[in-house]
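Respectively, the protein sequence lines represent chains A and B.
The opening position of the first sequence corresponds to residue 172 in the working numbering, with each subsequent residue numbered one higher.
The opening position of the second sequence corresponds to residue 172 in the working numbering, with each subsequent residue numbered one higher.
Read through the structure below, which is laid out as structure tokens, and then see the notes.
Number of protein chains: 2
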Amino acid sequence: MTTAPLNIAIAGLGTVGAETARQVLDHADHIASRAGRVLTLTAVSARDASRDRGFSMDGIAFEQDPVALAHRDDVDIVIELIGGDDGPALDLIEAALEGGKSVVTANKALLAKHGARLAVLAESKGVHLAGEASVAGGIPSLKMLREGLAANRISRISGILNGTCNYILSTMETTGRDFEDVLKEAQDLGYAEADPSFDVDGIDAAHKLALLTSIGFGSLPDFDAIDITGIRSVSSIDINSAANIGYAIRLLAIAENRDGNIVASVQPTMVPLSSGLAKVDGPLNAVAVEGQPIGSVIAVGPGAGAGATASAVLADLVEVAAGRAAPFFGCAADQLKPASNNGSADYTARFYLRLTVYDRPGVLADVTAVLRDHHVSVESILQQGRAAEGGNGTVPVVLTTHDINNSEMTAAIREIKSLDAVTAEPTVMIISGEG
Amino acid sequence: MTTAPLNIAIAGLGTVGAETARQVLDHADHIASRAGRVLTLTAVSARDASRDRGFSMDGIAFEQDPVALAHRDDVDIVIELIGGDDGPALDLIEAALEGGKSVVTANKALLAKHGARLAVLAESKGVHLAGEASVAGGIPSLKMLREGLAANRISRISGILNGTCNYILSTMETTGRDFEDVLKEAQDLGYAEADPSFDVDGIDAAHKLALLTSIGFGSLPDFDAIDITGIRSVSSIDINSAANIGYAIRLLAIAENRDGNIVASVQPTMVPLSSGLAKVDGPLNAVAVEGQPIGSVIAVGPGAGAGATASAVLADLVEVAAGRAAPFFGCAADQLKPASNNGSADYTARFYLRLTVYDRPGVLADVTAVLRDHHVSVESILQQGRAAEGGNGTVPVVLTTHDINNSEMTAAIREIKSLDAVTAEPTVMIISGEG
């Protein structure tokens, strides 16, 4: 080691922060050999100074106020693991970058909202902003896309980016149980938050997709342009229907270049059982990238958890300490193009549609007439017995279409929803031909 | 672009070299935005100057002798795509590094043999030696292991590293055809060389494993310590037997830390049909890494082909041009530990064994007595009908064992081979519990 040691600070000592601290302390030699210099944990910040987190605080300064870490002379790199897209996390990162300190963060919400501005700030100060842990947990997904595939023109990025949703969907698949029941179990097991909306409504996956999209297509992150549907409306009927035609349901985050428009969405999607994504079970994540000249690559690994997330934080730390971290977005942040997300771009797909309708004469005729008027060709249709809905006079109707333009399909669904006999919001999913 | 342009030279204009040149010429702006500077192709070397390779040679110097590229003042980075583990490829790389020029290469055989020395040379000159394209084609596998998982203590690296073998094995699996037949087809299709031994005998996979092992475990590359078995002995009987018990056969390259010994092997292995590796079909490659704190990650993608390989070459080129390429082995090359490969380390596994024996009384009793004497517990045994071997009086006996120490198993096999009734070399495979 001929290079001077670097001092690091960790803000936030939850499960990830504590694991990161333990790794830095317990495996200092290994990390030093990879970084080419010694890294010393000099300061931390957390809500509670006294809690036992499995490492000794001897010789490590404690700051009640995380922002104070940015102003310490004995801190060169700040690791932000507080969370939240504003407040102390943002204050800390801004103060650190302004003061010429590099920052490592796992904060996807913050990066999706403020990442471009913060990257410009970092680059203007000649320091690094790194966030591998913000997307797909331990999978080095940003590095793969940004550096490993640097020269490719990306056409499509797809992923399973939320482990909680994937755990719920794959458990529904293997047990036949329904959403609410599995969600409750996931909460009991600690896989889902008490307020699960960030996960099950697709927000978390969309934050991650906004970052992948930005890196892959060289455009400013644009969370608001992502068309988001969560998994609350996925029922065991949908899971069974999918299995019957050879598909599994996954919450897919997809960004693709459709004739120059970057279209990004997060939605439950039917993927072929034979595809790589259908085999991504439980809390795993996956990121698949298609582009030229590579063709396609997929990486699968743990999407969450203290060890996996710490692995990504530490990878960033090594790169930053060695002075070889790439710009967060792969190119200079002030050269990112305006976001060209355009959710209304036309595309063609097969669709799955589940309606809840009154079980009375003429309903199927009405529904199929609407579909015919919008040129939607029905591939299969199944009206299930009354018992399936518990005797309130409604029954589920499940149908799949042949390839149809999405705007035709959307118009047809709007009209179907307005039918008297249709009693609930229809469930619509794309049936993906790809993995 | 505030940084000065960089000039690059390509030695070797086969399919990969020509594709790399076309990408550099046709997508210069994209590559410049990622590298932060303009890259200009100033010189090439190839056997034949006049052949049309899909790009214009106007303004590009041609050198008959590749080593001359290293001495040109208008070349900053040399891309070596000649191949061969000595001769002009080595001369060129040495001359370039000696002259202070960075080198990008796809040459696994050369890196496995000379990589440590060349990396020391590069580091002493303050330039880069990069070789992402040498392992697993387009999959950024070295980058994932070396940088994305930098802080992990690696326990196991496993991979499908040879697309030709994987194409042959997965085609045997889906068609029921035998090795020689599928090999011939692969040769006709251009997936296998006229002399296929580098691929089907496991040499190519072992070169790649030597590099992954070195990076993952921080030790000098040691090709000679890898226990190599190719796929020539895999028959359709083995493929069927595997399928019957829920397994597929893949040529696995595995390096693992067994009680401090790094044990590396390339051998046909039975992997569970439900595992990720069993689903890696055709010419795909896969690299799986296990370590702490990550757990495990797997990446799957194209293991060969002009586009995939050029993608990896260009990724290196961008990193080198941006001045942020990591040291080839992840740590300073002069700090690599001596190789601690030890093929004789003990381990426990289930084994598959196929014998060719004379169909006469007492043979099974002799075989099973040997197994008993070596404490090998037989899980299943099947002697197939005489027709299966074409009437020369021999029949195949296929058996699987419960967990047994490898040295006991090796001793048992040695004794079984010496039995009069055993007429051919036994086929032995590990039955892997893991993917």
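Ideal Cβ positions, reconstructed from N, Cα and C, are used throughout, including at glycine.
- A contact between stretches requires three or more CB pairs, one per stretch, nearer than 8 Å, and the stretch 294 to 301 of chain B fails this requirement with the stretch 318 to 327 of chain B.
- For Asn411 of chain B, there is no enclosing beta strand (DSSP E); the residue is part of the alpha helix (DSSP H) that begins and ends at Ser407 to Asn415.
- DSSP places Gly258 of chain B in the uninterrupted alpha helix (DSSP H) bounded by Gly258 to Glu269.
- Judged by beta-carbon spacing, Val371 of chain B lies beyond the 8 Å limit of Ile397 of chain B, meaning their Cβ atoms are not closer than that value.
- Between Leu177 of chain A and chain B, the shortest Cβ-Cβ separation is not below 8 Å.
- At least one CB of chain B lies nearer than 8 Å to the CB of Gly309 of chain A.
- According to the DSSP assignment, Val484 of chain A belongs to the alpha helix (DSSP H) that extends over Ala477 to Ala492.
- In terms of beta-carbon proximity, Arg205 of chain B lines the interface with chain A, with at least one pair separated by less than 8 Å.
- The Cβ of Arg324 of chain A sits closer than 8 Å to at least one Cβ of chain B.
- Contact of Ile202 of chain B with chain A is assigned, a C-beta pair being separated by under 8 Å.
- Taken in chain order, the complete beta strand (DSSP E) segments of 3 or more residues contained in the stretch 537 to 584 of chain A are 549 to 554 and 565 to 572.
- For Thr384 of chain A, the enclosing alpha helix (DSSP H) has its first and last residue at Ile374 to Phe388.
- The beta carbon of Ala290 of chain A lies closer than 7 Å to those of Leu300, Pro498, Phe499, Phe500 and Ala504 in the same chain, with the five residues before and after it left out.
- Per DSSP, Phe522 of chain A lies in no alpha helix (DSSP H); the unbroken beta strand (DSSP E) holding it starts and ends at Thr519 to Tyr529.
- Your pair Lys355 of chain A and Ala307 of chain A does not check out as a contact, with CB atoms roughly 26 Å apart and the cut at 8 Å.
- For Gln194 of chain B, the enclosing alpha helix (DSSP H) starts and ends at Thr186 to Asp197.
- In this structure, Ala475 of chain B sits away from Pro443 of chain B, with a CB-CB distance that is not shorter than 8 Å.
- It is roughly 9 Å from the alpha-carbon of Pro176 of chain B to the alpha-carbon of Ala492 of chain B.
- Closer than 8 Å to the CB of Ala470 of chain B there is at least one CB belonging to chain A.
- Out of B:Val534, B:Leu542 and B:Arg543, the CA that lies nearest to the CA of Gln554 of chain B is found in B:Val534.
- Under a 10 Å Cβ-count criterion, Gln235 of chain B is classified as exposed, with fewer than 16 other Cβ atoms of the shown protein chains found around its own Cβ.
- Per the coordinates, the alpha-carbon of Val489 of chain A lies some 11 Å from the alpha-carbon of Ala199 of chain A.
- Between the stretch 463 to 475 of chain B and the stretch 327 to 342 of chain B there are three or more inter-stretch CB-CB distances shorter than 8 Å, so the stretches are counted as touching.
- Contact with chain A is found for Leu485 of chain B, since one of that chain's Cβ atoms lies less than 8 Å from the residue's Cβ.
- Spatial neighbours of Ala357 of chain B in its own chain (CB-CB distance under 7 Å, excluding positions within 5 residues in sequence) are listed in chain order as Thr335, Tyr338, Ile339 and Ala363.
- In the same chain as Ala217 of chain A, and ignoring 5 residues on each side of it, the C-beta atoms closer than 6 Å to its own belong to Leu184, in chain order.
- Counting only Cβ-Cβ distances below 7 Å, Arg495 of chain A has contacts in chain B at Arg495 and Ala497, in chain order.
- For secondary structure counted as the beta strand (DSSP E) over 3 or more consecutive residues, the stretch 201 to 260 of chain A holds these complete runs in sequence order: 210 to 216, 232 to 234 and 248 to 251.
- With respect to the 8 Å criterion, Ala449 of chain A and Ala435 of chain A are not classified as neighbours on the basis of their beta carbons.
- A straight line joining the alpha-carbon of Ile575 of chain A with that of Arg348 of chain B spans about 41 Å.
- In the three-state scheme derived from DSSP, where H, G and I count as helix and E and B as strand, Arg288 of chain A is classed as helix.
- Under DSSP, Thr346 of chain A forms no beta bridge with any residue.
- Taking the Cα positions, Ala283 of chain A is about 46 Å away from Ala232 of chain B.
- Scanning the stretch 417 to 467 of chain B for uninterrupted beta strand (DSSP E) segments of 3 residues or longer gives 418 to 429, 432 to 443 and 455 to 463, listed from N- to C-terminal end.
- At a cut-off of 8 Å between beta carbons, Glu190 of chain A contacts chain B.
- Judged by beta-carbon spacing, Ile408 of chain B lies within the 8 Å limit of Arg525 of chain B, meaning their Cβ atoms are closer than that value.
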